[in-house]
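There are 2 protein chains.
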Amino acid sequence: MTTNSGPFELQPIGRVRSPLVDPKSAPKQGYEGSPDAWIDFDPAILEGLRDLRAGSEVIVLTWLHRADRSVLVTRPRDDPAAPETGVFSTRSPGRPNPIGLHTVEVVSIDGPSILVRNLEAVDGTPVLDMKPVLPRA
Amino acid sequence: MTTNSGPFELQPIGRVRSPLVDPKSAPKQGYEGSPDAWIDFDPAILEGLRDLRAGSEVIVLTWLHRADRSVLVTRPRDDPAAPETGVFSTRSPGRPNPIGLHTVEVVSIDGPSILVRNLEAVDGTPVLDMKPVLPRA
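Sequence lines, in order, name chains A and B. With the numbering used here applied, the first sequence corresponds to residues 13 to 149, in that order. With the numbering used here applied, the second sequence corresponds to residues 13 to 149, in that order.
Following this line, the structure appears as structure tokens:
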């Protein structure tokens, strides 16, 4: 029997390897000029990657380990002129459960390492999950 | 200093209240005939919800607490005739970090409780995060 009361424990399945090292200089969204980045997956989960194909679009979930989990209200895009906004109406990394959601394109696959386009996460960011993009209803 | 090595701890910020109680009879995707469902948020995070509006489309992340975390290969849609597929190319709930990703429409808002359309999660499912849908690049 599993519980639904929490806390729940996440184990990273991989890690981002990227030229982006400074969160302040990273793009706010992946399509705003992110360099290509590798995701190095744990070889233990390699079988789960076997149907990934270069050229496909996938969703990557990350753990934004540097984020401030106490944030409930923020100014979007770190813009001091922006109005304060409830955090669940923003993509702010600072939030109670700092899970990053990234839509990326698979460029190439080398064993447990996958090169992706449009990933704005910084080097070392833990990866939690990968899912296919679904066609909309 | 925060660590990126894991494990990481999630605390639910809310819970699904839905007529769906049996995962076997729940739709596979939210747009496949899910009934409207409430999300009851923890009043402690109420301020983070203040800019949510009825009619908007949002992404809800859930913790699929009944999922089998050892799954790496699965048959999509529980179809015994479907070919075995690497789990990261499917939306199977069973996966190493069973985070559910749901695109829903906000129907109405009553304090910390939010009525949404197209949520296929069963009653009691913990909610981890809510994010706005972004326009595509």
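Glycine included, each C-beta is placed from N, C-alpha and C at the ideal position. This structure is a prediction, so every number in the text was calculated from the model and none was measured.
Check, Outcome
"Whether or not the region 79 to 91 of chain B and the region 49 to 64 of chain B are in contact is what I'm after, with contact meaning three or more pairs of Cβ atoms, one per stretch, closer than 8 Å; do they touch?", "no"
"I'd like to know if B:K143 contacts chain A, where contact means its C-beta is closer than 7 Å to some C-beta of that chain.", "yes"
"Under 7 Å, CB to CB, which of the residues in the region 103 to 135 of chain B have a partner in chain A?", "R103, R107, P108, N109, I111 and L113"
"Using a Cβ-Cβ cut-off of less than 7 Å, give me the residues of the region 82 to 99 of chain B that come near chain A, in sequence order.", "L84, V85, T97, G98 and V99"
"Is it buried or exposed, A:K143, if we count other Cβ atoms within 10 angstroms and call 16 or more buried?", "buried"
"Compare the Cα-Cα distances from A:L113 to each of A:P39, A:L131 and A:V85 and report the closest residue.", "A:L131"
"Per the DSSP calculation, A:R29 is bridged to which residue(s)?", "A:W50"
"Please identify, using Cβ separations under 7 Å, the residues of the region 53 to 69 of chain B that lie next to chain A, in order along the chain.", "I57, E59, G60, L61, R62, D63 and L64"
"Please identify the residue among A:S17, A:I111 and A:D52 whose C-alpha is closest to the C-alpha of A:G136.", "A:D52"
"Leaving out five residues before and five after B:R11 in sequence, what residues of the same chain have Cβ atoms less than 7 Å from its Cβ?", "A query on residue 11 of chain B cannot be resolved here, the shown segment of chain B reaching from 13 to 149 and no further."
"Kindly indicate if chain A contains any beta-carbon less than 7 Å away from that of B:N32.", "It should be noted that the sequence gives Leu, not Asn, for residue 32 of chain B. Not one chain A Cβ lies under 7 Å of B:L32."
"Along the chain, where does the beta strand (DSSP E) that runs through B:H114 open and close?", "I111 to D122"
"Use the C-beta contact count for B:E21: other C-beta atoms within 10 angstroms, 16 or more gives buried, fewer gives exposed.", "exposed"
"Taking the runs of the beta strand (DSSP E) that are 3 residues or longer, which of them lie wholly in the region 61 to 94 of chain B?", "69 to 75"
"If you run the structure through DSSP and keep just helix, strand and coil, what is A:L58?", "helix"
"Under a three-way DSSP split, which group does B:S125 fall into?", "strand"
"Mind checking B:M13: buried by the 16 CB within 10 Å criterion, or exposed?", "Only weak support exists for where B:M13 lies, its pLDDT of 44 falling under 50; the value from the coordinates is given anyway. It is exposed - the Cβ of B:M13 has fewer than 16 other Cβ atoms within 10 Å."
"Taking 7 Å as the CB-CB cut-off, is A:I51 touching chain B?", "no"
"Tell me the DSSP bridge mates of B:G136?", "Bridge partners of B:G136: none, in fact."
"B:P105 and B:A79: beta carbons closer than 7 Å?", "yes"
"Could you check which residue in B:V116, B:K36, B:D122 and B:R103 has the C-alpha nearest to that of B:D141?", "B:V116"
"Within 10 angstroms of its Cβ, does B:L146 collect 16 or more other Cβ (buried), or is it exposed?", "exposed"
"Grab the span of the beta strand (DSSP E) containing A:F20 for me, first residue to last.", "F20 to L22"
"Check whether chain A comes within 7 Å of B:S101, counting only Cβ atoms and requiring the distance to be less than that.", "yes"
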